[in-house]
Amino acid sequence: MSKNTNEKHFESTLFGHPIGLYILFFTEMWERFSYYGMRALLVLYMTTETIGDARGPGLGWTSQEALALYGWYTMLVYVMSIPGGMIADKLLGQKKTVLFGAVILCIGHGVLVLTDTWAFYTGLGLVILGVGLLKPNISTMVGGLYPQGDIRRDKGFSIFYIGINTGSLLATMVIGFVVAQWGWHAGFGLAGIAMVLGLIVYVWGQKYLTHVGNLEIHKSNTVDQSSYGLLFKNLLKSKNQMFITVILSVVSAFGWYSLGWGFGLLFFFLTIIAALMMMIYKELNSQLDKDRFLVLLLSFIMVIIFWGAYEQAGGLMNLYADTKTDRMLLGMQIPTVMFQSLNAGFIILFAAAVASYWAKRKLKGGEASSIFKMAVGIVIMGFGFLFMVFAAMQFEKSGSSSMLWLVMAYLFHTIGELCISPVALSFITKLSPVKYASLMMGVYFAATGLGNKVAGIIGESASSLGEFSVFLGIFLFTIVIGVLFVLILKPLKRLTHGAEDNEK
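Under our numbering, think of the first position of the sequence shown as 3, with each following residue one higher.
What follows is the structure, encoded as structure tokens:
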């Protein structure tokens, strides 16, 4: 493609944003339709009895077993973003990696239509692989649509985020009725059809994405495919980093012995990623880049904590809505799955307003740094669990709780999410070293995945501790963490060296 044509696509805008944003918007919308549609069904399908249910046979698992697999699945979906980012950075580029991920997702959802047990596990495995390839790289491509210092970047990610949640809203509104009418596997099939639509949109819109997501070629006209290998080779020569890696490996071995092979493999994987992060930090040339990289890693702590609490939506809160909430409205019982649509609906209603609020606050000189927004988001989301505390108290008194508590909880969770999730996506594209952009987006999604696993562990504990204790504990812990990050805001901002000061 000629330079002039490339510039034309780069400059072409719709509603003030690059046209490529809307191609990625609709691709991600249908991908999220498929993912959230299946996520809404997963725990309910696993806990449904093998006979006697109008929706067809389920797996007949206990709640604890279902929440355990839910935690592993939702974690692995995002942890796979790390190898997905590596593949994009060093082998394929983001654009091709997204394409391969979309194709694998179509196959995975197709397999889930089958009723055999092997198909259930195989389909989940393919979905994990497909999301790992697609998710971090399509988000990185959104950042690549905007030049450095462009204030539209945060708004662009908010628009992109609306696409994510439009897919979620459509899925959770429709799939519940499809399952009620035609059974569980019809719902899985509908998710697959949505993913095919996303693939079609992405392939059709390639002409608007010519300038982003390409594999970076160095001046020697070769691709640097060995940098990760060199980083690990240099690890052997770095005494401090090697010592920490050995200690973490010993901890991983102990985890394997005491907690089982699943956690053992997870700990070893995290040890490898920790070693990689240490070597990237050491490789960075300037103190500015090192400081920004450090802040980025610290921000992932907030990400893990936020999603560890937030992802109760698909697990514990989903089961709570199904078994302990009065779902009658105007003489009709609301399907449990439809409560999952509240979050997506609230995001579509409030995303633009929240983004505009922060933009206006920044232009007026108010505190609107990404770290501050993320800390505030954790606090707001935490207050959502206060409503779940009230729900648990009402259930203990009367044997049922009002759906209003769930609605208010999801509202606060949504406002908190809008303060942290699209902001974090944009923040990563601002602070990441360019050559490791996709990898760092992958690490972000891996942090999200770890939060999902934490959510599953917390949900499992409800069987012994009770919902009241779990909801109250989440409320108190998230408030403390959010306030703590606000208190250390100034030193963290200094370490960013004004990365967000000159946006206009």
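Yeah, the Cβ is synthetic: ideal placement off N, Cα and C, and Gly gets one too. Keep in mind the model is a prediction, meaning the values are calculated, not measured.
| How is H19 classed by DSSP in three states: helix, strand or coil? | One-based indexing of the sequence shown puts residue 19 at position 17. The answer is strand: DSSP assigns H19 an E or B state.
| Among L420, E369, M390, L344, the one whose alpha carbon lies nearest that of G379 | Walking along the sequence shown from the start, residue 379 turns up at place 377. Of the candidates L420, E369, M390, L344, the one whose C-alpha sits nearest the C-alpha of G379 is L420.
| Contact between the stretch 119 to 134 and the stretch 381 to 397 (3+ Cβ pairs under 8 Å) | no
| request: Within the same chain, show all residues whose beta-carbon is closer than 6 Å to that of P337, passing over the 5 residues directly before and after it, in chain order. | output: One-based indexing of the sequence shown puts residue 337 at position 335. The residues G178, in chain order, have a CB closer than 6 Å to that of P337 in the same chain once the five nearest residues on each side in sequence are set aside.
| So does the stretch 71 to 91 actually touch the stretch 423 to 443, counting three or more Cβ pairs closer than 8 Å? | yes
| task | Buried or exposed for K241, please, with buried defined as at least 16 other CB atoms from any protein chain shown within 10 angstroms of its CB. | result | Start at 1 with the first residue of the sequence shown, and residue 241 comes out as number 239. Flag for K241 reads exposed.
| task | With distances taken Cα to Cα, identify the nearest neighbour of E462 among F28, V45, Y37, W32. | result | If you number the sequence shown from 1, residue 462 lands on position 460. Checked all of F28, V45, Y37, W32; the closest Cα to E462 is V45.
| field | Under 7 Å between C-beta atoms of L107 and G132 | value | Numbered from its first residue, the sequence shown carries residue 107 at position 105. Numbered from its first residue, the sequence shown carries residue 132 at position 130. The answer is yes: Cβ separation under 7 Å.
| task | Report the option in M244, F159, L61, K326 whose CA atom is closest to the CA atom of L23. | result | To locate residue 23, count along the sequence shown from 1; it is residue 21. Residue F159 is the option with its Cα nearest to L23.
| In the DSSP assignment, what are the bridge partners of L328? | For the purposes of this step, residue 328 is identified with residue 326 of the sequence shown, where counting begins at 1. The sequence given here has Asp at residue 328, not Leu. Paired residues: S404.
| query | For the stretch 330 to 346 against the stretch 406 to 421, are there 3 or more C-beta pairs whose distance is under 8 Å? | reply | yes
| field | In chain order, each beta strand (DSSP E) run of at least 3 residues that lies wholly inside the stretch 41 to 100 | value | none
| request: Select from G185, A357, A196 the residue whose C-alpha is nearest the C-alpha of F170. | output: Along the sequence shown, one-based indexing puts residue 170 at 168. What sits at residue 170 in the sequence shown is Ser, not Phe. Comparing Cα positions, the closest option is A196.
| Relative to the alpha-carbon of L136, which residue among A104, V144, I166 has its alpha-carbon at the smallest distance? | For this step, residue 136 is matched to residue 134 along the sequence shown. It is A104.
| query | To which residues of the same chain is S228 closer than 8 Å at the C-beta, ignoring the five residues directly before and after it? | reply | Along the sequence shown, one-based indexing puts residue 228 at 226. Because S228 carries a pLDDT of 47, less than 50, the predicted location of this residue cannot be relied on, and the following value inherits that uncertainty. Excluding the 5 residues flanking it on each side, S228 has no same chain C-beta neighbour closer than 8 Å.
| task | Report, in whole angstroms, the separation of the C-beta atoms of N454 and G18, which I expect to be a contact under 8 Å. | result | Along the sequence shown, read from residue 1 onward, the residue named residue 454 stands at position 452. Along the sequence shown, read from residue 1 onward, the residue named residue 18 stands at position 16. So it is not a contact: roughly 34 Å between Cβ atoms.
| query | Is it the case that the Cβ atoms of I350 and N167 are separated by a distance below 7 Å? | reply | Numbered from its first residue, the sequence shown carries residue 350 at position 348. Numbered from its first residue, the sequence shown carries residue 167 at position 165. Yes, these two residues count as a Cβ contact at 7 Å.
| message | Can you give me the C-alpha to C-alpha distance between L489 and D291, rounded to a whole angstrom? | response | Here residue 489 corresponds to residue number 487 of the sequence shown, with the count starting at 1. Here residue 291 corresponds to residue number 289 of the sequence shown, with the count starting at 1. Distance between the alpha carbons of L489 and D291: 24 Å.
| Nearest to L43 by alpha carbon, out of A182, G310, V214, T273? | By one-based count along the sequence shown, residue 43 stands at place 41. Nearest C-alpha to L43: A182.
| Would you say the stretch 277 to 293 touches the stretch 233 to 247, given that touching needs at least three Cβ pairs under 8 Å? | yes
| Is the CB-CB distance between L172 and V180 below 7 Å? | For the purposes of this step, residue 172 is taken as the residue at position 170 of the sequence shown. For the purposes of this step, residue 180 is taken as the residue at position 178 of the sequence shown. Their beta carbons are not under 7 Å apart, which means L172 does not touch V180 by this criterion.
| query | Do the stretch 442 to 452 and the stretch 74 to 81 make contact, defined as three or more Cβ pairs closer than 8 Å? | reply | Touching, per the Cβ criterion.
| field | Any C-beta of chain B under 7 Å from that of K437 | value | Given the protein chain composition of this structure (a single chain), no chain B is represented.
| message | What residue range does the alpha helix (DSSP H) around L136 cover? | response | Position 134 of the sequence shown holds residue 136. Unbroken alpha helix (DSSP H) run through L136: 119 to 146.
| said: By the three-class DSSP mapping on this structure, what secondary structure does Q150 have? | reply: Reading the sequence shown from its first residue, position 148 is the one you call residue 150. In the structure shown, Q150 sits in coil (DSSP, three-state: anything other than H, G, I, E or B).
| task | Buried or exposed for E398, please, with buried defined as at least 16 other CB atoms from any protein chain shown within 10 angstroms of its CB. | result | Translated into positions along the sequence shown, residue 398 becomes position 396. E398 is exposed by the Cβ-count criterion.
| request: Note the first and the last residue of the continuous alpha helix (DSSP H) segment covering L272. | output: Within the sequence shown, numbered from 1, the residue matching residue 272 stands at position 270. From DSSP, the alpha helix (DSSP H) with L272 extends over 263 to 285.
| Sufficient close CB pairs (3 or more, under 8 Å) joining the stretch 364 to 377 to the stretch 473 to 487 | Of all C-beta pairs linking the stretch 364 to 377 to the stretch 473 to 487, three or more are shorter than 8 Å, placing the two stretches in contact.
| message | Buried or exposed for L331, going by 16 or more other Cβ atoms inside 10 Å? | response | Indexing the sequence shown from 1 puts residue 331 at position 329. Looking at its Cβ environment, which holds fewer than 16 other Cβ atoms inside 10 Å, L331 is exposed.
| request: Excluding the 5 residues preceding and the 5 following G146 in the sequence, name in chain order all residues of the same chain whose CB lies nearer than 7 Å to its CB. | output: On the sequence shown, position 144 is the one that residue 146 refers to. Excluding the 5 residues flanking it on each side, G146 has same chain C-beta neighbours closer than 7 Å at V214, G215, in chain order.
| request: Might you give, ordered along the chain, the residues of its own chain that have their beta carbon closer than 6 Å to the beta carbon of G194, omitting 5 neighbours on each side? | output: Mapped onto the sequence shown, residue 194 falls at position 192. Contacts found: H111, G112.
| message | Can you find the residues in the same chain that come closer than 7 Å, C-beta to C-beta, to I481, ignoring five residues on each side of it along the sequence? | response | Counting from one through the sequence shown, the residue named residue 481 turns up at place 479. Excluding sequence neighbours, I481 sits near V381, G384.
| said: Going by beta-carbon coordinates alone, are G257 and A457 separated by less than 7 Å? | reply: On the sequence shown, residue 257 is found 255 positions in, with the first residue counted as 1. On the sequence shown, residue 457 is found 455 positions in, with the first residue counted as 1. No; because the gap between Cβ atoms is not below 7 Å, this pair is not in contact.
| said: One question on the structure: do F270 and S260 come within less than 7 Å of each other, judged by their Cβ atoms? | reply: Taking the first residue of the sequence shown as position 1, residue 270 is located at position 268. Taking the first residue of the sequence shown as position 1, residue 260 is located at position 258. No, the Cβ-Cβ distance between F270 and S260 is not below 7 Å.
| query | By how many angstroms is the C-alpha of M48 removed from the C-alpha of F28? | reply | What you label residue 28 is simply residue 26 of the sequence shown in a count that begins at 1. What you label residue 48 is simply residue 46 of the sequence shown in a count that begins at 1. Rounded to whole angstroms, the gap between the alpha carbons of F28 and M48 is 30 Å.
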